[in-house]
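Student: Residue numbers for the sequence shown follow the working numbering, so the first one is 329 and each next one is one higher.
Backbone N, C-alpha and C fix where the C-beta goes; we use that ideal spot for every residue, glycine too.
Predicted model, so just to flag it, every value in this text is computed and none were measured.
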Amino acid sequence: MDQERKVVLDQINKGTVLAQLVIKAICLLERAGAIIDGVVSDGATTNRKLWLQLGINGEKGKITNAFQHPLDSKKRIYMLSDPPHLIKNIALQDRFSSFEEFENSFRVYKDTHFVDYFIKDCKTLASINAKFPNGRMVSASKNLKYYYLKFCCVHGGSYKLKNTLNQRSTSTMRQGCEAGIYLKASDDGKALVITKMTEDHNHEVSQVLYSHLPNQRKITPESKAIVLELMDLKANKKMIQHKIMNESGKIVTLKDLSNIHTTGRKKYSNNNLVETVDKLKNKFNCTVEISTDEENNLNGIFIQDSFMTESFEAYPEVVFADATYKLLDLRLPVYVLMTEDGNGQSEIAAIGLLVNEEEITLRWFFETFKKYNPISAKTRVYITDKDMKERNVIKQVFPNAALTICLFHTLRTFNREITCDKRNITPNERDTAKEIIQNIIYCKSELEYDKLYKHLKTVAPETVIEYYNKNWHGIRDEWVIGMTYMTGNFMNKTNNRLESFNGKLKSVISCFSTLEDFVEKLFIVLKCVRLERDKNAVKLVQKHPIQTTQTPELHNYYDLLTPYAFNFLKKQFEYDVEYNTLKNTTENTCSCIFYNSMRLPCRHIFKLRKQSLTPLFDADLCDKRWTRNYYYKTQRVFKNIEVVPSDSDTTVTTLYRKKKKVPTTHEKFRKATLIGAKIADLISLASNVHFYRKIEQLEYVYNNWLKGHEVSIQVLEYNKLDNYQENNVVDVILPGKESPNVNYIRWSHYIDVHTNDLKRDSNSPSRVCPKITQRHLALDNFSKMNVKLATQVFSNSMAKGIEYYRCYEKVESLKNSEQTQLFTERLNQLFDALNRKFPAEGIKSKSNDFDVLEKTLKWLDLWEDNVINHTIPEDEFLTKSTAEGLRVTIKSVIELTKYLLDECGFKYVLTSKMNQDRLEQFFGMARQATGPNDHPNCPTFLKVYKMLTMYSILKPPKTGNCMILDSTTPKITISDLKNVFSKYDTPERQIKINKLTERLNTLLTQDVEVEDVFQPDIFTDHNYYKSNSETCVLYYICGFVSRHINKYIKCRDCQQAVLGKTSYCDSPEATLTNIKSRGGLCHPNMFLFHLLVDIEESFKKFCDCYDVFELTVNDFFTKKPELIKTFP
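Shown next, in the form of structure tokens:
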């Protein structure tokens, strides 16, 4: 080993472990018989350091792409970079003068790499100095804050199962990711230094996943305050989410909003009984009484403010009682007592918070209500559900009041109790009994009830009759509708008023609220409900109906009664059906249901008065509670205000139309400036592709307005690709310009090609670039690293598609796309040169691929010269790591290929072998073999490696070599096959030249006219017909179909019926095929082409139908029979 190699090895031995491993691997492989001429790596940080230690450099004019072989001084090892990894680069700094500086850089790093970390371990400078008072960190800068910090990926670590039998069903973010950063204070204490950094993540990394991480969803305290305020106001959570996301630019889930609200509510609210009682008394002016047991435990709270007291004092006749649940986290039922005022509006009379619904607790609540409201002696009826304890207490506390059961609760109880299982009856018996009981519920009199009750006893089973007699027959006056009306319940059959109020409570008060929060929200609801009642009361004074009754008596009753009471009376007054007066009817009273329930004149009284010629209007017939005067006196909004009835019932409204002001020039300029500023702000946030497109559109609008033309703007609904930036998809940044004298290279040109493909009939499957999809053009972080997508976009088909739509279809947006087409062709040629896979296309000594690679190197240098000379911006060139990686790779491929061809005797070189595909394939096999263990340790990996090695030996090969037993047997060579097909594959141009030569010779030897020489079979007239793009694509597809069919046809005549011309064709339909062809594409037979075109037209008619095949065939044979007859 000579001195130069010793120096190289000494430098490497001082380097990283990776460099030592690479050199050692080369030595071991060489000694085992392998020949090492190159090393392929990606662009990670460790590999870049490896390049540096091996002396590799990719700067312009200083390219060093190889290092000396460690075992052979005459050989060199070429270094190559894997193309898909060239775009990776690290932007994080290594030294930071303060922790704040590191935080700022670290935040940018996380936002650009879409990864998040947490502090796994740390030690502050204060703690290290306290431990070592005389240590070297005593003089360290206080801005550093930490002696060391260890950051770990949020998916790092593993979840430790607890030693319990029943494991909780949960999930964890810990996935064993080993990515991390180690930050330590420098020896001089002036900076924080990154001493270790691992960026290999074992999970998917993308902007979408990153934006959904908990740390990225955190919002500012100001935004949290807005959320709390809006959530307390019961705003729509989806609208709150939309507002916060727009203002903060972060992902905020509905669960995040609920968590913010829950934590904020616990922080600012509690269950302090003393504070709550003080607030009720002092802030809300309430009468509060608390009940406790012998051990001073809370039993209940009675709440009644002054408005409740006044409302009940004015209208004590009917009281609705019910409870609602789950409003308090103390699990206290909320009892509500409600009355009905003179206009049919509900008013709260009292509220009780009871620990339980035991009889002693309920009795305390109703006795307290009676104590503070002596007027309760005038209450005629209580409407409740069928709660036995509650009903018993009310009967004991208010013996003079009647009880009625809510109709809804009655029906529900019967439906629950009369079942086949509980009563041991058949379904028919159950349905019959329920039908009769429902008729009983709606009975209007005792006589009708007795009749249906006797029928029930004869039809219903004994178990039903036993249950009915035990629970319902004895209290029939509390639930039969006709009998309940006799108690004077104002025609109220249900507790719907209370249910409506309870619904309002639950819409404002969250479930299981604290006591303090409940009280605050309760009076918010009360204030809102009372305001609505006040509005309706004011409406009686401020507004009068336009159409009033023409009957004088009804008009008088309208002036006397509230609208609610008047509507009941009006129906009785205008009753059209013939009826008889009742036995007990007088001119002032009646025994009917309506009069006893409402205390208003009924139809029987009105008829009797008509018969006796007594005036139909009498104010004494109506109960005082229904009159307007009494309503005005008792309504809180009219307190201390005298309401004077109006004499006029007509309201005149004058509409004033504001005259439109003509703006001045200055006002026009100011308004246009504001809109222009908004447009400029919007465009400045767009990506490069969309920025230049929008500038072109604005210039187009300005130039037309300057000429006095009007511009019509159309929104293209079919182009969904332009919306990908709005949908949080990362934009693709192409280099802008190669030089200042050429047009921009624009990604929008690829989008325009795909857009024009989508413009055509959706029923037609043919496209110029059929493989291009939205995923190719609307790239995210996953598809950016997909080599397949990149090669399909930067392909020859895309370049020809740009040319076709620009030159043939004359698409306006592709007018300046020549540079994009050239850029695409250049990349396509570079990809092909670096990815030769088959022997037929391998690089040989005089291969054109050498010229492609050399021209690419010159192109890179010229491009970078424009950046150095400041003729184009720096951001319009490739990144430094990408450019250097390309230079090193291209030069290594050139030199390594020439070395293999010239010195090693290779006939050809396959450049696809100079990448990491096999290494990635091996890693994939290893991951599959290890199952769920994504990060195997060293022993596991070695075991998997040995297993895969044995598997490759034991697995039988799919193909094998053949041994020739008889060497005298004649063999068919490739040349023989070429000669067989070459005689049938004479180009059309050559055939015409041969014909022309033969006729020119005839012209010299015989007497032939010149016109006979130049026949149309040689010189055809130019065809000025222009075919559409769909026909061109169908022609291209038809050529492919013809070539495929021809493989299975042996008949010469049948081949001629399928195949057409094999070279250039001047038919307009062949335009796309001529552009894409390199001499090998087939042109179809024109009969076959027209046949497929007609089939396509028939198919497009019925492609949305269920029996598309039959309809297509029938339509084709019906309308095109002549085409079948003329087919060869």
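#1: Among Asp-444, Met-501, Glu-550 and Arg-464, which has the Cα closest to the Cα of Ile-509?
#2: List the residues that DSSP assigns as beta-bridge partners of Gln-632.
#3: Just to confirm the assignment, what range does the alpha helix (DSSP H) spanning Glu-776 have?
#4: How close, in whole Å, do the beta carbons of His-1073 and Thr-1148 come, if the pair is a contact with beta carbons under 8 Å?
#5: Counting C-beta neighbours from all protein chains within 10 Å, is the total for Asn-393 16 or more, i.e. buried, or is it exposed?
#6: Helix, strand or coil: which one does DSSP assign to Met-407?
#7: In or out: Asp-516 buried (at least 16 other Cβ within 10 Å) or exposed?
#8: Among all the DSSP beta bridges, which residues are the ones paired with Tyr-476?
#9: Quick one: is Asp-937 buried, meaning 16 or more other Cβ sit within 10 Å of its Cβ, or exposed?
#10: Check the C-beta distance from Leu-520 over to Leu-453 and give it rounded, since I have them as a contact under 8 Å.
#11: Compute the Euclidean distance between the alpha carbons of Tyr-892 and Ala-678, then round it to the nearest angstrom.
#12: Could you tell me how far apart the beta carbons of Ile-1011 and Val-1081 are, in whole angstroms, since I believe they sit closer than 8 Å?
#13: I'd like the span of the alpha helix (DSSP H) that includes Met-525, first residue to last.
#14: For the alpha helix (DSSP H) containing Tyr-663, name the first residue and the last one.
#15: How about Leu-477 and Leu-511: do their beta carbons lie closer than 8 Å?
#16: Tell me, please, which residues DSSP counts as bridged to Glu-675.
#17: Sort Phe-630, Lys-609, Ala-642 and Ser-1357 by Cα distance to Thr-955 and report the nearest one.
#18: Quick one: Cα of Glu-1204 to Cα of Asp-528, how far?
#19: Please determine, among Val-662, Asp-778, Thr-812 and Gly-670, the residue with the shortest C-alpha to C-alpha distance to Tyr-710.
#20: When DSSP builds the beta bridges, which residues end up paired with Gly-366?
#21: Pull up the distance between the alpha-carbon of Phe-1427 and that of Thr-1446, whole angstroms please.
#22: For a minimum of 4 consecutive residues, which ranges assigned as the alpha helix (DSSP H) are wholly contained in the region 1182-1242?
#23: Do you know how far the Cα of Asp-887 is from the Cα of Lys-717?
#24: When the distance is taken between beta carbons, is Leu-655 closer than 8 Å to Lys-834?
#25: Any chance the region 1181-1189 sits against the region 1212-1227, with 3 or more Cβ pairs inside 8 Å?
#26: Let's see if you can read the secondary structure: which residues bound the beta strand (DSSP E) around Phe-648?
#27: Starting from Tyr-487, trace the beta strand (DSSP E) both ways and give me its first and last residue.
#28: What first and last residue would you give for the beta strand (DSSP E) that runs through Ala-730?
#29: Alpha helix (DSSP H) containing Ile-351: first to last residue?
#30: Under the DSSP definition of a beta bridge, which residues are partnered with Val-709?
#31: Could you tell me whether the Cβ atoms of Thr-712 and Gly-628 are closer together than 8 Å?
#32: Over what stretch of residues does the beta strand (DSSP E) that includes Ala-394 continue unbroken?
#33: Hey, Val-1216 and Ser-409: beta-carbon distance below 8 Å or not?
#34: Which of helix, strand or coil does DSSP assign to Gly-680?
#35: Is it the case that the Cβ atoms of Ile-559 and Ile-547 are separated by a distance below 8 Å?
#36: Taking only three categories from DSSP, how would you classify Ser-425?
Tutor: Answer, in terms of the structure:
#1: Asp-444
#2: Thr-615
#3: 774-787
#4: Position check: residue 1073 holds Ile in this sequence, whereas His was assumed. Rounded, the Cβ-Cβ distance is 5 Å, consistent with contact.
#5: buried
#6: strand
#7: exposed
#8: Lys-451 and Lys-512
#9: Sequence inspection shows Arg at residue 937; the Asp mentioned does not correspond to that position. Counting Cβ neighbours within 10 Å, Arg-937 comes out buried, since at least 16 surround it.
#10: The pair is not a contact, with the Cβ atoms about 11 Å apart (cut-off 8 Å).
#11: 24 Å
#12: 24 Å between Cβ atoms; not a contact.
#13: Counting along the chain, Met-525 falls outside any alpha helix (DSSP H), though it belongs to the beta strand (DSSP E) covering 520-526.
#14: Where Tyr-663 is concerned, there is no enclosing alpha helix (DSSP H), although the beta strand (DSSP E) it sits in stretches over 662-668.
#15: yes
#16: Thr-667
#17: Ala-642
#18: 30 Å
#19: Thr-812
#20: Tyr-406
#21: 13 Å
#22: 1208-1230
#23: 45 Å
#24: yes
#25: yes
#26: 646-652
#27: Element bounds for Tyr-487: n/a, residue is neither H nor E.
#28: 730-733
#29: 345-359
#30: Val-646 and Ala-730
#31: no
#32: 394-396
#33: yes
#34: strand
#35: Inspection of the sequence shows that residue 559 is occupied by Met rather than by Ile. Against a cut-off of 8 Å, the Cβ pair of Ile-547 and Met-559 comes out as no contact.
#36: coil
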